[in-house]
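Worksheet: the structure to be examined is printed underneath.
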Amino acid sequence: SVTDMGGTSMAAPIAAGGALLVRQYFTDGFYPSGKASAADGFAPSGALLRAVMMNGARKLTGSHDTSGDGSNRWEELDSRLPNNQQGWGALRLEAALKLDPPTDVSATSLFIRDDAGDHAAPCLGTGIAFTRSFQVREGEEFRVVLAWTDPPATLIA
1 SVTDMGGTSM
11 AAPIAAGGAL
21 LVRQYFTDGF
31 YPSGKASAAD
41 GFAPSGALLR
51 AVMMNGARKL
61 TGSHDTSGDG
71 SNRWEELDSR
81 LPNNQQGWGA
91 LRLEAALKLD
101 PPTDVSATSL
111 FIRDDAGDHA
121 APCLGTGIAF
131 TRSFQVREGE
141 EFRVVLAWTD
151 PPATLIA
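Under the UniProt record's numbering, the first residue of the sequence shown carries the number 1, and numbering increases by one thereafter.
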C-alpha cells in the first residue's frame, strides 16, 4: 500500500538525508572541480553543511489553506524567505553544488571557506577582514551564505 505524507514530519528526514549527501559531496572530494577526487576530500564543518543547504533552497510557489479548520481559506505563499510557511524553501542540493557534468540547475561555480580540512582558514574575529571579488554576469543569480558555529559555552552558562 502507498501512503501520502507531508509536512514537517517528512521535511525533517529529507533535510537530514540532504545534509548527509552534502557531507558526502565534500568527503568524496567533489569540491572544487565537481568530480570525485579522493585527494580533494575533507570533512566539512556543520556550518558548511548548513550554508550549502540554505544556499540550495528554492522558494515554493502556490497557495495554502490558512483556515486551520479545513474550510479552504486559500492564500498565496509568502515569497520572502525564510518564513513560517516554508522555512528556507524546497531543498535543491544540485542548485548549490558544482557538478561535472553539470545539470540544468547545478551551480556554475562554488567558493567555500570552512574551518575544517584543507580549506581551513582563520576564522573572522574582531578586527579581522576578509575580502573576495566575484564577477557576476547580467541576468545571473548570485548567492552568498554566511554560517558559523558558535564556540562552546561554559558548563554553567
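Cβ atoms here follow ideal geometry from the backbone N, Cα and C, with glycine treated the same way. Every value quoted in this text rests on a predicted model; they were computed, and no experiment measured them.
*What is the DSSP secondary structure of Arg50, reduced to helix, strand or coil?*
Numbered from its first residue, the sequence shown carries residue 50 at position 50. Three-state DSSP puts Arg50 in a helix.
*Identity of the residue in Ser45, Tyr31, Ala57, Ala38 nearest Ile14 by Cα*: Locating residue 14 in the sequence shown gives position 14, counting from the first residue. For Ile14, the closest C-alpha among the options Ser45, Tyr31, Ala57, Ala38 is that of Ala57.
*Among Tyr25, Glu141, Ala47, which one has its Cα closest to the Cα of Leu97?*
For the purposes of this step, residue 97 is identified with residue 97 of the sequence shown, where counting begins at 1. Taking only the C-alpha atoms, the option nearest Leu97 is Tyr25.
*Take Pro102 and list the residues in its own chain whose beta-carbon comes closer than 8 Å to its own, dropping the five residues that flank it on each side.*
Position 102 of the sequence shown, counted from the first residue, corresponds to residue 102. Within the same chain, Cβ atoms closer than 8 Å to the Cβ of Pro102 are found at Gly34, Thr108, the five residues on either side in sequence being excluded.
*asked:* Need the endpoints of the beta strand (DSSP E) that Ser109 sits in, please.
replied: The count along the sequence shown starts at 1 and reaches residue 109 at position 109. From DSSP, Ser109 is part of no beta strand (DSSP E); its letter is neither H nor E.
_If you measure between the beta carbons of Val136 and Phe142, is that distance less than 9 Å?_
The sequence position of residue 136 within the sequence shown is 136, counting from 1. The sequence position of residue 142 within the sequence shown is 142, counting from 1. Result yes, Cβ atoms of Val136 and Phe142 sit closer than 9 Å.
*With a cut-off of 8 Å on the beta carbons, I'd call Leu81 and Thr61 a contact; round off their distance for me.*
Walking along the sequence shown from the start, residue 81 turns up at place 81. Walking along the sequence shown from the start, residue 61 turns up at place 61. Under the criterion of beta carbons closer than 8 Å, Leu81 and Thr61 do not qualify as touching, at roughly 12 Å.
*Taking only the alpha-carbon atoms, compute the straight-line gap between Arg23 and Ala43 and give it to the nearest angstrom.*
Here the question's residue 23 lines up with position 23 in the sequence shown. Here the question's residue 43 lines up with position 43 in the sequence shown. Their Cα atoms are separated by approximately 7 Å.
_Host beta strand (DSSP E) of Ser9 (start-end)_ = If you number the sequence shown from 1, residue 9 lands on position 9. Unbroken run through Ser9 is the alpha helix (DSSP H), 8-27; no beta strand (DSSP E).
*Which whole-angstrom value is the C-beta distance of Phe111 and Arg132, which I expect to be below 8 Å?*
In the sequence shown, counting from the first residue as 1, residue 111 sits at position 111. In the sequence shown, counting from the first residue as 1, residue 132 sits at position 132. Right, their Cβ atoms sit about 7 Å apart.
_Suppose contacts are defined by Cβ-Cβ distances below 9 Å. Is Asp114 in contact with Ala47 by that definition?_
Taking the sequence shown and counting its residues from 1, one reaches residue 114 at position 114. Taking the sequence shown and counting its residues from 1, one reaches residue 47 at position 47. Using a Cβ distance threshold of 9 Å, Asp114 and Ala47 count as a contacting pair.
*Which residue comes first and which comes last in the beta strand (DSSP E) that contains Asp65?*
Looking up residue 65 in the sequence shown gives position 65. Where Asp65 is concerned, the enclosing beta strand (DSSP E) starts and stops at 63-65.
_Could you tell me the alpha carbon to alpha carbon distance between Ala90 and Phe30, rounded to whole angstroms?_
Start at 1 with the first residue of the sequence shown, and residue 90 comes out as number 90. Start at 1 with the first residue of the sequence shown, and residue 30 comes out as number 30. In a straight line, the C-alpha of Ala90 is about 23 Å away from that of Phe30.
*Are the beta-carbon atoms of Asn55 and Ala12 separated by less than 9 Å?*
One-based indexing of the sequence shown puts residue 55 at position 55. One-based indexing of the sequence shown puts residue 12 at position 12. Going by C-beta atoms, Asn55 is not nearer than 9 Å to Ala12.
*Find the nearest neighbour of Gly41 within the set Thr27, His64, Asp69, Pro151, judged by alpha-carbon distance.*
For this step, residue 41 is matched to residue 41 along the sequence shown. It is Thr27 whose Cα lies nearest to the Cα of Gly41.
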